[in-house]
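J.: One structure is given below, represented as structure tokens, and several questions about it will come after.
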Amino acid sequence: MSSQPNVLEKVIAFVDERVGLKTLQAKMLNEPVPGGSRWAYIFGSVLLFIFIMQAVTGILLMFYYVPSADHAYASTQYIIHEVDYGWFLLSYHFWGSSAMVVMVFAHMSQVFLWGAYKSPREMIWLVGLALFGIVMGFGFTGYLLPWDQRAYWATTVGVEIMDKTPIVGDFMARFLKGGATPGQMTLSRFFVIHVMILPAMLMGLAGLHIFLFRKAGPAGPFRGTPEELKAKTDYFFPRQIWKDMVAMGAVFATICSLAFIEPVVLLEEATPDPGEYHPEPEWYFLFLFQLLRLKIFSGEFGQFLGAIAIPGAFMALLAALPFIDRGPERNIFKRPVALIGWIVVMAAILIFTVSAIINREFLD
Amino acid sequence: MQPKLKSKVRCTDREVGEITRVIVDPLSHEVSHIVVGGNGVGGAERQVPVSEVQSVADGLVQLRTASSALAQFPPLEREDYVTIHEVEIAHLEDHLHVESGEVLVPLPTLERNVPRRTFFMNLTHAIGTLVALPLAFPVLKYLMKPMYSPFDNAWLKVGNVNRIKTDDVGMQFKYKKKVKEAFMPEAEVDKNVWVLKASPAVLEEVYKGKDMEFRDQVGRLVWTNKKDVPYVVFSGKCPHLGCGYKWRKVPKLGKEIFLCPCHLSIYEPSGKVLDGPAPRPLDTLPIRVDAGGNVEIIDMEFKAGTKAQTRIV
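Okay, here's the thing in structure tokens:
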């Protein structure tokens, strides 16, 4: 055994002295998790993993994709039918977006049920809500890019809904469409929003989200005395990271399987004549779509109520939540209003989504 | 007062050494143990709980224990601990005062003028504003370039009425429209309208006894649909949220109607809302039919979702 460090050790020591990697790594991994690691805490890490995979597959798709009204459809078809494994990367990106939405709901639910949005973690919750909006924005803008009928009509209706916002609606809708009707300008705008603006915003806000989370520390379980929590406490590495890794592996396998079983198939190229196609948004917007079919949301005012006021009020309520719900009690079984509220919202989303699916049969 | 690093440690009988480290509880953020090293503890560093500390004076910590009893405290196992730089515990250092006094770094001579620092801070903001402000308007105009374009009032041929065999039945006329958007080459898009040969009753419902006027952006009259021309054309865009609607036989109603598959708005052959969320009837377009039965229209589009009809194309 030589006491002289070898070349590799010298290089590592050189870099570490200048960057402080070992301290940084130690600080990243040595985060006490009060009450110990849990499967319930995997969602944040999984979301980060899904986002990184979306960025990787998204960049790969851009090697062939052309964001122009006369080439978007053809280049997407080329990716699917001609490029080796193009179908897989595109389908992975497609299913990855659904996985992202599912995980966002799971993550938000976990934080909500554990009361982890309460003081001193209000800012983490607010930044998280902004991230939720960004994920929805990703879904909405990405949906147009293949430029098939599904893409065109989801955007047409989606932007019309935005148009119903009082005062600024018309401007916002025209600004997004780059004109009065969807066309090349819309595609260009959605493309730059999808591949530049939203990723930049997401990276910045996700960084802030994690920074604030680290600053406040994990909330831990909602039950248990300080002594019990201390006895069970472990660090982020290795037990929590192990659970996170298992979850990432499972999510990866699920997305891959979906990409294999249900690869993306495009409809006809986008055109203002829907033909026999019945426009419908992506599944995670279906409940909103179904909501707007209700009689009480008919007419100009009803539409404003269903499309803008109610979703807006719901988001405002979520944003105000940590400031309204100031009681220190975090145990969900001792917060009946919160528990019932969560169940009602989830049930409503489920019921509206299912009824939108049932309605399909009636239309054919 | 918290025991400070390097303080001398004295037992009931004699001085035994000094505080070499302190151990902090990660939950309460309080000092839980002091680590005593020196000649009096026989080489090993001992972890002494703070409950054994009787008093803390400037530079001296008095223990309740006799020096002979120090050996009962466990020796420090360094590998069982991490330093506070290697772990992330929120606000851990905020109320720890274990170092003897403040650790200071001299301010450079040039930085000892506080008003100047404020001035430079304000200057930074001012220059930032000066850069951003003149850019705001050009950038906004740059992004707004394609948002508002003049209306196109050209007549388009969409088909021939000899296709229509029955009154009050919606017939879809598909046509191609040439589109020239900004820098793009001219392209053709598929569009459709619905043409109806209306019975007098339906015609009355559409026109309510009045001719229908169509205007351009500045309010100039473009065309008038005469109330006695039996052919009516509806824009293919649902006035609810802009989907394309269909002509469907509904067994429950026992008749044929216009149905939008998106949000299930239902319209009578005259375009009147029968059911569903639509805020206004179907949009009637300018139509002219020549002697040979050829139908021409002006392809107008109206804002969806509003009670009033606002033309946008």
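Here the protein sequences line up with chains Z and S, keeping their order. According to the numbering used here, the first sequence is numbered sequentially starting from 1. According to the numbering used here, the second sequence is numbered sequentially starting from 1. Glycine included, C-beta positions come from ideal geometry on N, C-alpha and C. Fair warning: this is a prediction, and the values are worked out from it, not measured in the lab.
1. Can you pull the chain S neighbours of Z:Met185, defined as C-beta to C-beta under 8 Å?
2. Taking the DSSP output, what are the residues bridged to S:His33?
3. Taking C-alpha atoms, which residue in Z:Ile193, Z:Val19 and Z:Ala270 lies nearest to Z:Thr181?
4. Closer than 8 Å between beta carbons: that is the criterion. Which residues of the stretch 218-233 of chain Z meet it against chain A?
5. Find the residues of chain Z that neighbour S:Glu18, judging by a C-beta separation of less than 9 Å, and give them in chain order.
6. According to DSSP, is S:Gln217 part of a helix, a strand, or is it coil?
7. Quick check on the DSSP output: the beta strand (DSSP E) that includes S:Val233 runs from which residue to which?
8. Just mark S:Tyr142 as buried or exposed, buried being the case when its beta carbon has 16 or more other beta carbons within 10 Å.
9. Just reading off the beta strand (DSSP E) that S:Gln172 is part of, what are its end residues?
10. Tell me where the beta strand (DSSP E) around Z:Gly96 begins and ends.
11. Using a 10 Å radius around the Cβ and a threshold of 16 neighbouring Cβ atoms, would you call Z:His209 buried or exposed?
12. Which one of S:Glu296, S:Gln309 and S:Ala308 has the shortest CA to CA distance from S:Ala154?
13. Among Z:Pro274, Z:Ile255 and Z:Phe333, which has the Cα closest to the Cα of Z:Thr57?
14. Under 8 Å between the Cβ atoms of Z:Leu29 and Z:Phe236?
15. Can you pull the chain Z residues whose beta carbon is under 7 Å from the beta carbon of S:Lys191, in chain order?
16. Give the straight-line distance between the Cα atoms of S:Ser51 and S:Phe73, rounded to the nearest whole angstrom.
17. For Z:Ser355, which of Z:Phe88, Z:Phe94, Z:Leu288 and Z:Phe43 has the nearest alpha-carbon?
18. Note down, in chain order, every chain Z residue with its Cβ under 8 Å from the Cβ of S:Ala304.
19. Strictly by DSSP, which residues pair up with S:Pro75?
20. What first and last residue would you give for the beta strand (DSSP E) that runs through S:Ile164?
21. Please name the residue, chosen from S:Gln172, S:Lys180, S:Phe137 and S:Arg163, that lies closest to S:Gly293 on a Cα-to-Cα basis.
22. When you compare the CB positions of Z:Asp273 and S:Lys191, do they come within less than 8 Å of one another, or not?
23. Grab me the residues of Z:Tyr117's own chain with a C-beta within less than 7 Å of its C-beta, minus the 5 sequence neighbours each way, in chain order.
24. Return yes when the Cβ of Z:Thr156 is within less than 8 Å of the Cβ of Z:Tyr143, no when it is not.
25. With 16 as the cutoff for other CB atoms within 10 Å, does Z:Gln368 come out buried or exposed?
26. With 8 Å set as the bound, which would you pick, yes or no: does the beta-carbon of S:Ile89 sit closer than that to a beta-carbon of chain Z?
27. Just verifying my parser: in three-state terms, what is the DSSP assignment at Z:Met245?
28. Is any heavy atom of the ligand SAM found at a distance shorter than 7 Å from the C-beta of S:Cys11?
29. Assess, as a yes-or-no matter, whether the stretch 190-206 of chain S is touched by the stretch 160-176 of chain S under the definition of 3 or more beta carbon pairs within less than 8 Å.
30. I need the boundaries of the beta strand (DSSP E) containing S:Phe151, first residue and last residue.
31. Measuring CA to CA, which of S:Val218, S:Met212, S:Glu301 and S:Pro200 is closest to S:Gly244?
32. What's the gap between the Cα of Z:Gly341 and the Cα of S:Pro49?
33. Please go through the same chain and pick out, in chain order, the residues whose beta-carbon is closer than 7 Å to the beta-carbon of Z:His107, but skip the five residues on each side of it.
34. Give the interface partners of S:His85 over in chain Z, defined as CB-CB distance under 9 Å, in chain order.
35. Would you please verify whether the beta carbon of Z:Val19 is less than 8 Å from any beta carbon of chain S?
36. Taking Z:Arg360 as part of the alpha helix (DSSP H), name the residues at either end of that continuous run.
T.: Well, looking at it:
1. Translated into the one-based positions of the first sequence, residue 185 of chain Z becomes position 185. The contacting residues are Pro146, Glu181 and Ala182.
2. To locate residue 33 of chain S, count along the second sequence from 1; it is residue 33. Looking at the DSSP assignment, S:His33 forms a beta bridge with S:Ile23 and S:Pro49.
3. Sequence index remark: in the first sequence, residue 181 of chain Z carries index 181 (1-based). For Z:Thr181, the nearest C-alpha among the options comes from Z:Ala270.
4. Included in the structure are the protein chains Z and S, with no chain A among them.
5. For the purposes of this step, residue 18 of chain S is taken as residue 18 along the second sequence, with counting starting at 1. Those within 9 Å of S:Glu18 in chain Z number zero; the least Cβ separation is about 27 Å.
6. Locating residue 217 of chain S in the second sequence gives position 217, where the first residue counts as 1. Coil at S:Gln217, not helix or strand.
7. Here residue 233 of chain S is taken as the residue at index 233 of the second sequence, counted from 1. Counting along the chain, the beta strand (DSSP E) containing S:Val233 begins and ends at Tyr231 to Ser235.
8. Position 142 of the second sequence holds residue 142 of chain S. Exposed, since its Cβ has fewer than 16 Cβ neighbours within 10 Å.
9. Taking the second sequence and counting its residues from 1, the one referred to as residue 172 of chain S is at position 172. S:Gln172 -> beta strand (DSSP E) spans Met171 to Val179.
10. As a first step, residue 96 of chain Z must be located in the first sequence, where it is residue number 96. Not the beta strand (DSSP E): Z:Gly96 falls in the alpha helix (DSSP H), residues Gly86 to Leu113.
11. Translated into the one-based positions of the first sequence, residue 209 of chain Z becomes position 209. Buried, by the Cβ-count rule.
12. Translated into the one-based positions of the second sequence, residue 154 of chain S becomes position 154. Taking only the C-alpha atoms, the option nearest S:Ala154 is S:Glu296.
13. Indexing the first sequence from 1 puts residue 57 of chain Z at position 57. Checking every option, the nearest Cα to that of Z:Thr57 belongs to Z:Ile255.
14. Taking the first sequence and counting its residues from 1, the one referred to as residue 29 of chain Z is at position 29. Taking the first sequence and counting its residues from 1, the one referred to as residue 236 of chain Z is at position 236. One thing to note: Z:Leu29 has its Cβ within 8 Å of the Cβ of Z:Phe236.
15. The residue given as residue 191 of chain S occupies position 191 in the second sequence. Those within 7 Å of S:Lys191 in chain Z are Pro272 and Asp273.
16. Working through the second sequence from its first residue, we reach residue 51 of chain S at position 51. Working through the second sequence from its first residue, we reach residue 73 of chain S at position 73. Their Cα atoms are separated by approximately 12 Å.
17. On the first sequence, residue 355 of chain Z is found 355 positions in, with the first residue counted as 1. Minimum Cα distance to Z:Ser355 is reached at Z:Leu288.
18. Position 304 of the second sequence, counted from the start, is the residue given in the question as residue 304 of chain S. What S:Ala304 touches in chain Z: Glu160 and Asp163.
19. If you number the second sequence from 1, residue 75 of chain S lands on position 75. According to DSSP, S:Pro75 bridges with S:Arg46.
20. Numbered from 1 along the second sequence, position 164 holds the residue referred to as residue 164 of chain S. Looking at the DSSP string, S:Ile164 is not in any beta strand (DSSP E), and its letter there is neither H nor E.
21. Taking the second sequence and counting its residues from 1, one reaches residue 293 of chain S at position 293. The shortest CA-to-CA distance from S:Gly293 to any of S:Gln172, S:Lys180, S:Phe137 and S:Arg163 is the one to S:Arg163.
22. Taking the first sequence and counting its residues from 1, the one referred to as residue 273 of chain Z is at position 273. Taking the second sequence and counting its residues from 1, the one referred to as residue 191 of chain S is at position 191. Cβ atoms of Z:Asp273 and S:Lys191: closer than 8 Å.
23. Translated into positions along the first sequence, residue 117 of chain Z becomes position 117. Val111, Trp125, Leu321 and Pro322.
24. What you label residue 143 of chain Z is simply residue 143 of the first sequence in a count that begins at 1. What you label residue 156 of chain Z is simply residue 156 of the first sequence in a count that begins at 1. No. Outside cutoff.
25. No answer is possible for residue 368 of chain Z: it lies beyond the span of chain Z, which begins at 1 and ends at 364.
26. Locating residue 89 of chain S in the second sequence gives position 89, counting from the first residue. By this cut-off, S:Ile89 is an interface position.
27. Sequence index remark: in the first sequence, residue 245 of chain Z carries index 245 (1-based). Z:Met245: helix per DSSP, three-state reduction.
28. Judged by which ligands are present, the structure shown has none, so any question about the ligand SAM falls away.
29. yes
30. To locate residue 151 of chain S, count along the second sequence from 1; it is residue 151. For S:Phe151, no beta strand (DSSP E) segment is defined, and its DSSP state is neither H nor E.
31. The residue given as residue 244 of chain S occupies position 244 in the second sequence. That would be S:Glu301, whose Cα lies nearest to the Cα of S:Gly244.
32. In the first sequence, counting from the first residue as 1, residue 341 of chain Z sits at position 341. In the second sequence, counting from the first residue as 1, residue 49 of chain S sits at position 49. The straight-line gap separating the alpha-carbon atoms of Z:Gly341 and S:Pro49 is approximately 48 Å.
33. Stepping through the first sequence from its first residue, residue 107 of chain Z is reached at position 107. Same-chain partners within the cutoff: Phe43, Gly44 and Leu47.
34. Here residue 85 of chain S refers to the residue found at position 85 when the second sequence is read from its first residue. Within chain Z, the residues Thr23, Ala26 and Lys27 have their CB atoms less than 9 Å from the CB of S:His85, given in chain order.
35. Translated into the one-based positions of the first sequence, residue 19 of chain Z becomes position 19. Chain S, which has no Cβ nearer than 8 Å to the Cβ of Z:Val19, makes this no.
36. Numbered from 1 along the first sequence, position 360 holds the residue referred to as residue 360 of chain Z. It spans Pro336 to Leu363 - the alpha helix (DSSP H) in which Z:Arg360 sits, taken as one unbroken run.
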